[in-house]
Amino acid sequence: MSAIQLLRELIKASEKAANIARVCRKDEHLFGLLIQEKPKDEANSRFEHDFKTLADCLIQETVKYDMEKLVLNGDKTAALRLIDEVYREIDLDDDKWQIPNESVSLDHEISELGIWIDPIDATAEYIQAKEKYSKFPNIMASGLKCVTVLIGVFETVQGNPIIGVVNQPFADEPEPNEFEGKVYWGLTIGDLKFNNIVSFETEDRIAVLSPTEQSKYVEFLKKQLKYDIVYSSGAGYKILKVCTGEAELFLLSRANTYKWDTCAPQAILRSLDGELFDLQDTLVNKSLKKISYRDTKVTRNTGGLIAYRNIEKFKDFLKL
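In our numbering, the protein residues as written are 3 to 322.
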């Protein structure tokens, strides 16, 4: 399988996940059936209540198993709505998604590749759907636009992410409660880099952060580095905004993200000559330590995160 063939399959998988997410969210009866609170050992420590949805589970487990487990009381109508999406064939428009025609070898055996999937990143936003704009209209503070499907492929020898697909199921709402999605992807194989990112031009210096970010980092970015601070939701969404150029920097000091949150958007960043780094190691050692996926037993990003698309600007950050 070539790298482009694998990319196509990942985009198809993300589109199927996005379709499921939209169907579940649109149908109130189905939506009510398919939300359950996560056990404490699965929940994100930032939230008093954390939830998982069928959309989360369908991508991770077999379809039949999840249908039987999560569709309560044998509700056949609800199950049929989902089955339509689960088995729907996804037709890719290569021009729409800007998939290259080049023949690109993977440079790795399939057995040397790993994959991290986050079926619904920003689950709380998916559940609550409370749209809130930031002072910069291209960056949402909260709501369905912050929801992403993340699929990232990494090579296990060095631990580098090589292919990333970020699907935004609720990117646009042309009609009330009728949503259309967007797909962003990036691929780096050796010296070859491909992506479908359309860069956003802005003179603003924007740092996108979590609403719970520690005040010492917020003040440092505002007062020392002269950034405009924008608070937003969803790790995948925030890193995506760095990829598109709508934000210059993403910083997260707490250890509350996982490899499935970061693999896909980091792969896109790398295809743009950007990178995602371990914040604490970088600050302590004054050197660039990128997030690695080599040790598959380590799932949490314990040192926090900092993302730049322009590495030279990050080097300026380290001089301070």
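By construction, the Cβ of each residue, glycine as well, lies at the ideal position given by its N, Cα and C atoms.
Exercise. If we ignore side chains and look at the alpha-carbon of each, how far apart do Arg1 and Val286 end up?
Worked result: The first residue shown for the chain is 3 and the last is 322, placing residue 1 beyond what the model contains.
Exercise. Is it buried or exposed for Glu50, if we count other Cβ within 10 angstroms and need 16 for buried?
Worked result: Here Glu50 scores only 41 on pLDDT, less than 50, and its place in the model is too uncertain to base an answer on.
Exercise. Identify the residues that DSSP records as bridge partners of Phe196: which are they?
Worked result: Leu189
Exercise. According to DSSP, which residues form a beta bridge with Met142?
Worked result: Tyr135
For this session: Tell me whether the beta-carbon of Gly188 lies closer than 8 Å to the beta-carbon of Arg272.
Result: yes
Problem set entry | Cβ contact check for the stretch 305–319 and the stretch 263–280: 3 or more pairs under 8 Å | yes
Exercise. Any idea which residues DSSP pairs Thr150 with across the strands?
Worked result: Asp123
Exercise. Considering only the beta carbon of each residue, do Glu277 and Phe202 sit closer than 8 Å?
Worked result: no
Problem set entry | Option nearest Asn352 by Cα separation, candidates Asp123, Thr259, Leu115, Glu104 | Residue 352 is absent from the structure shown; the chain starts at 3 and stops at 322.
Exercise. Just checking my contact of Tyr128 with Val151 at CB under 8 Å: how many whole Å lie between their CB atoms?
Worked result: Not confirmed; about 11 Å, so no contact.
Exercise. Is Asn21 helix, strand or coil by DSSP?
Worked result: helix
Exercise. On the three-state DSSP scale, how would you describe Ala173?
Worked result: strand
Exercise. Do Ala126 and Leu146 have their C-beta atoms within less than 8 Å of each other?
Worked result: no
For this session: Compute the beta-carbon to beta-carbon distance between Leu223 and Ala209, rounded to the nearest angstrom, for a pair I have assumed lies under 8 Å.
Result: 5 Å
Problem set entry | Residue from Val232, Pro163, Asp275, Asn197 with nearest C-alpha to His110 | Pro163
Problem set entry | Segment limits, beta strand (DSSP E) that includes Ile241 | Where Ile241 is concerned, there is no enclosing beta strand (DSSP E), although the alpha helix (DSSP H) it sits in stretches over 237–245.
Problem set entry | Contact set for Pro213: own chain, Cβ-Cβ below 6 Å, skip 5 residues either direction | Tyr233
Exercise. In this structure, what does DSSP give as the bridge partners for Gly116?
Worked result: Phe156
For this session: Please decide whether Thr259 counts as near chain C, where near means a Cβ-Cβ distance under 8 Å.
Result: Absence of chain C from the displayed structure is noted, only one protein chain being present.
For this session: Please report the residue range of the beta strand (DSSP E) in which Ile101 lies.
Result: No beta strand (DSSP E) contains Ile101, which DSSP labels as neither H nor E.
Problem set entry | C-alpha gap between Cys245 and Arg311, whole angstroms | 6 Å
Problem set entry | Pairwise C-alpha distance: Thr284 and Pro139 | 31 Å
Exercise. Around the Cβ of Glu70, are there at least 16 other Cβ atoms within 10 angstroms (buried) or fewer (exposed)?
Worked result: The predicted model places Glu70 with a pLDDT of 40, which falls under 50 and marks its position as unreliable; any figure quoted below should be read in that light. It is exposed - the Cβ of Glu70 has fewer than 16 other Cβ atoms within 10 Å.
Exercise. By how many angstroms is the C-alpha of Lys317 removed from the C-alpha of Arg48?
Worked result: For Arg48, the predicted model reports a pLDDT of 47, less than 50, meaning its position is unreliable; a value from the coordinates is still stated below. Those two C-alpha atoms are separated by around 31 Å.
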